[in-house]
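Using this note's numbering, the letters of the sequence shown correspond one by one to residues 24 to 471. Report on one structure; see the data block that follows.
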Amino acid sequence: MIVDSVLTNAKAYLNGQIVDCSIAIEEGKIQKIGKETQMPNADEKTDLQNMLVLPGLIDEHVHLRDEGKAYKEDFTSGTAAAAAGGFTTVLDMPNNDPVTMSVETLRNRMRTAQRKILVNVGFYSEFPKKMPAVQDIVAEGAVGFKLFMGCQIGGLNIDDDQALQDAFKEVAKLNVPVAVHAEDKATLTANEEKLKQSKKTGTADFLRAHTEAVELKSIQRLLKINKQTGVRLHFCHLSTQEGLNAIAEAKKSGRTVTCEVTPNHLLLSSEDLKRYGQMVIMAPPLRSKNHLEALWKGLENGSVDALGSDHAPHAQREKSASSVWDVKVGVPGLETTLPLILTLVKKNRLTLTQAVQLLAEKPAEIYGLNDRGRLEQGKNADLTVVDFNRQFKIDASKFKSKAKFSPYDGWDVQGKPVKTIVNGQLVFDEGEIVAKAGSGFIVRRGSM
Ligand code: DOR
Ligand code: ZN
Ligand code: ZN
Numbered sequence: 024m025i026v027d028s029v030l031t032n033a034k035a036y037l038n039g040q041i042v043d044c045s046i047a048i049e050e051g052k053i054q055k056i057g058k059e060t061q062m063p064n065a066d067e068k069t070d071l072q073n074m075l076v077l078p079g080l081i082d083e084h085v086h087l088r089d090e091g092k093a094y095k096e097d098f099t100s101g102t103a104a105a106a107a108g109g110f111t112t113v114l115d116m117p118n119n120d121p122v123t124m125s126v127e128t129l130r131n132r133m134r135t136a137q138r139k140i141l142v143n144v145g146f147y148s149e150f151p152k153k154m155p156a157v158q159d160i161v162a163e164g165a166v167g168f169k170l171f172m173g174c175q176i177g178g179l180n181i182d183d184d185q186a187l188q189d190a191f192k193e194v195a196k197l198n199v200p201v202a203v204h205a206e207d208k209a210t211l212t213a214n215e216e217k218l219k220q221s222k223k224t225g226t227a228d229f230l231r232a233h234t235e236a237v238e239l240k241s242i243q244r245l246l247k248i249n250k251q252t253g254v255r256l257h258f259c260h261l262s263t264q265e266g267l268n269a270i271a272e273a274k275k276s277g278r279t280v281t282c283e284v285t286p287n288h289l290l291l292s293s294e295d296l297k298r299y300g301q302m303v304i305m306a307p308p309l310r311s312k313n314h315l316e317a318l319w320k321g322l323e324n325g326s327v328d329a330l331g332s333d334h335a336p337h338a339q340r341e342k343s344a345s346s347v348w349d350v351k352v353g354v355p356g357l358e359t360t361l362p363l364i365l366t367l368v369k370k371n372r373l374t375l376t377q378a379v380q381l382l383a384e385k386p387a388e389i390y391g392l393n394d395r396g397r398l399e400q401g402k403n404a405d406l407t408v409v410d411f412n413r414q415f416k417i418d419a420s421k422f423k424s425k426a427k428f429s430p431y432d433g434w435d436v437q438g439k440p441v442k443t444i445v446n447g448q449l450v451f452d453e454g455e456i457v458a459k460a461g462s463g464f465i466v467r468r469g470s471m
C-alpha cells in the first residue's frame, strides 16, 4: 500500500507519553503510528526532526466574526491565526452580524465559511426565538448552544427563568452542551446605569460594574436550572474564586457541568489594567490576584476542564473609545495561547499532559468531536507540531489575525508552533500559510 504521507522522526504525545515514532497519513486520517521501519510507502515523506507532535489543538472559544463584522476578522484571517497558533479546530461563537440563531443563519454562515477556512470550524448557535427550532439547529450541525447572560443576544428571554427552564429541557433531550457567558444582566445593567449617571467612564469603573457578584449570581441561577433540567452546562471564561467554587461544588454532587478558563484570566490581573489600559477591557474583566490563584488551583485539582482563548478581535479604534462604556470588549488570543501555555509547562506551572487535556482532549469530549483530540490510528490527521525549545518574543504586528494587538506583545515565550497539519494537509509551515483558503472542514456535531 502507498499512503499519502509519512511523517518521520516525530516525538509524539501518545496517551500521556512522548514517543519517538513515525506517523502514516491516508485520506486525512492517521493510518498508523509506529517505528519508521514499519511505515508503508508514501507519496510524500516529511522529516519532523524530533519536533514535538501534539494532537491537533482545539480552541473551543473563538469569535471568527466575518459577515457584518468582517472588518474585525474574517474566516480566512481568523483561521490563519488559528493555524499559526497551532489550532486545527476552532469553535465559532454566535454573536455575529447577523446573530447565528436559526437554521438559516447557521446554514449561511457555514456556506460562507466553507470556501474561506484554513482549519476545521464548528459553530455554536444562540437560542432561537421558538424552542422547537433547537432540534433543527442541532440537526443542521451546530456543536452546541451559546447563551449570553449579560445582555440579550439570542431569541431566548434571559430574564425569564421559566423560559430558560423550557429551553434547557429541549436541549437536554438532544444532549448538546450549552456554553454560557455567566454575568447577571440585571445586576450588571443596574451597576452600569449608576456609574454612567455619575459620569464615571474609566477602566476602573468597568470593574465596578462587572463585579465578582455579577458572575456568581448568574452561575447560581443557572446551576439551579441545570439541577431542574439536567442540561449540560459549560461555563465559559471563569474569572472568580466564588464562581469556580460554586461550579466545583456542583460537579462534586454529580451535576452535568464543566468549565473553561482563558489564559487572560490566569496570567493578567486587574493591576495590569493600569499598564495596558482599555486594550485589556474584556468581559468578564481581569480580577485581583487572589482570583488568579484560585483559577490556578482549579487547574491543578481538575475543577477547570478546558482552556479557551476567547479570541475576540476588534479594530484598534474600537479599543480606544473615549469612554470605557464604548470600548469593545476582548482581545485576540489564537496566536498567543499555545506559546503562553507551553512556557508555563517549561516553568513547571502545568504539565504537558494537563496542557493537552485542556487544549485538545477535553474540548473534544465536551463537544462530541469523537475523531479529534488524540493521536490514534483512525482519528483525523490533525497535528500540531511545536519546537518546544524555541524561544521568541510575541510580536502582535506579525499576527495573521486582523487584530494586531495583544497584552502579550513583547513577552518572552518558549515553545513555538512550527507546522500545523489539518486533515492530513500541511496548512502552516514555519511562519507561512501554505494551504488554500477553503481547505478546512466544517465540523458538524455527530458527523466528525
Ligand atoms: O471579552 C469579550 N469579548 N466578552 C464577550 O462576552 C464577547 C466577546 C466579543 O465578542 O468580543
Ligand atoms: Zn463571553
Ligand atoms: Zn467569547
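C-beta atoms are modelled at their ideal positions from N, C-alpha and C, and glycine is treated no differently.
(request) Please confirm whether Leu87 and Asp115 have their CB atoms less than 7 Å apart. (result) yes
(message) Just to be sure I understand the criterion: a residue counts if its Cβ is closer than 6 Å to at least one heavy atom of ligand 3. Which residues meet that?
(response) His84, His86, Met116, Asp333, Ala335
(message) Taking 6 Å as the cut-off, is the beta-carbon of Cys259 closer than that to any non-hydrogen atom of ligand 2?
(response) Between ligand 2 and Cys259, a heavy atom-to-CB distance of less than 6 Å is present.
(message) Quick check on DSSP: helix, strand or coil for Leu256?
(response) strand
(request) Could you tell me whether any non-hydrogen atom of ligand 1 is closer than 6 Å to the CB of Val352? (result) yes
(request) State yes or no: is the C-beta of Met305 nearer than 6 Å to some heavy atom of ligand 1? (result) yes
(request) Grab me the residues of Gln72's own chain with a C-beta within less than 8 Å of its C-beta, minus the 5 sequence neighbours each way, in chain order. (result) Asn32
(message) Which of the three DSSP states is assigned to Asp183 in this structure?
(response) coil
(request) Within its chain, find whatever has a CB closer than 7 Å to the CB of Val194; leave out the 5 residues flanking it on each side and keep chain order. (result) Val157, Phe168, Val201, Val254
(message) Quick check on this structure: which residue in Gly438, Val142, Thr128, Gly225 has the alpha carbon closest to the alpha carbon of Asp159?
(response) Minimum Cα distance to Asp159 is reached at Thr128.
(request) Name the two residues that bound the continuous alpha helix (DSSP H) containing Ala317. (result) 312-324
(request) Please indicate yes or no: does the CB of His288 lie closer than 6 Å to some heavy atom of ligand 1? (result) Not a single heavy atom of ligand 1 lies less than 6 Å from the C-beta of His288.
(message) Quick check: the Cα distance between Thr407 and Phe150, rounded to an integer number of angstroms?
(response) 33 Å
(request) Give the DSSP-derived three-state secondary structure of Leu71 in the structure shown. (result) strand
(message) Spatial neighbours of His314 within its chain, please: C-beta separation below 7 Å, excluding the five flanking residues on both sides.
(response) Around His314: Ser262, Thr263, Gln264.
(request) Keeping to the same chain, check which residues put their C-beta closer than 8 Å to that of Asn118; ignore five residues upstream and five downstream. (result) Excluding residues within five positions, the ones whose Cβ falls inside 8 Å are His86, Glu149, Lys169, Phe171, Ile176.
(request) Quick one: give me the first and last residue of the beta strand (DSSP E) that Phe229 is part of. (result) From DSSP, Phe229 is part of no beta strand (DSSP E) but of the alpha helix (DSSP H) over 226-232.
(request) Let me know if Tyr94 comes out buried or exposed under the rule of 16 or more other beta-carbons within 10 Å of its beta-carbon. (result) exposed
(request) Could you please give me the residues that DSSP links to Thr112 through a beta bridge? (result) Ile81, Asn143
(request) Thinking Ile181 and Leu398 are a contact (beta carbons under 8 Å), I'd like their distance in whole angstroms, please. (result) At roughly 40 Å, the Cβ-Cβ gap does not stay under 8 Å, so Ile181 and Leu398 are not in contact.
(message) Less than 7 Å between the beta carbons of Phe472 and Ile242, yes or no?
(response) In the structure as shown, the chain begins at 24 and stops at 471. Residue 472 is therefore absent and cannot be evaluated.
(request) Please classify Val441: does DSSP put it in a helix, a strand, or coil? (result) strand
(request) From the DSSP output, in three-state form, read off Glu49 for me. (result) strand
(request) Please state whether DSSP places Met471 in a helix, a strand or coil. (result) Summary for Met471: the model assigns pLDDT 44, below 50, so the residue's position carries little reliability; its value from the coordinates is reported in the next sentence. The answer is coil: DSSP assigns Met471 none of H, G, I, E or B.
(request) Return the CA-CA distance between Lys34 and Gly145, expressed in angstroms with no decimal places. (result) 29 Å
(request) For Ser429, count neighbouring C-beta atoms within 10 Å of its own C-beta (all shown protein chains included) and say buried if the count is 16 or more, exposed if not. (result) By the neighbour-count rule (16 or more Cβ atoms within 10 Å), Ser429 is buried.
(request) Please report how far the alpha carbon of Trp434 lies from the alpha carbon of Ser311, in whole angstroms. (result) 21 Å
(message) Given 6 Å as the limit, tell me if Asn118 has its C-beta closer than that to any heavy atom belonging to ligand 1.
(response) yes
(message) In whole angstroms, give me the CA-to-CA distance for Leu322 and Val284.
(response) 9 Å
(request) Can you give me the start and stop residues for the alpha helix (DSSP H) that Tyr431 sits inside? (result) For Tyr431, no alpha helix (DSSP H) encloses it, and the DSSP letter there is neither H nor E.
(message) With a threshold of 8 Å, are at least 3 pairs of Cβ atoms found where one atom belongs to the region 350-361 and the other to the region 333-342?
(response) yes
(message) Short of 8 Å in beta carbon distance, which residues of its chain neighbour Glu388, apart from the five on each side in sequence? Order them along the chain.
(response) Gly396
(request) Using 10 angstroms around the beta-carbon of Asp66, count the other beta-carbons present and answer buried if the total reaches 16, otherwise exposed. (result) exposed
(request) State the DSSP-derived secondary structure class of Val29, mapped to helix, strand or coil. (result) strand
(request) Rank Glu272, Pro155, Val436 by C-alpha distance to the C-alpha of Ser326 and give the top, closest one. (result) Glu272
(request) Just the C-alpha distance for Asp476 and Lys153, rounded to the nearest angstrom, thanks. (result) Outside the displayed span of the chain (24 to 471) sits residue 476, for which this structure offers no information.
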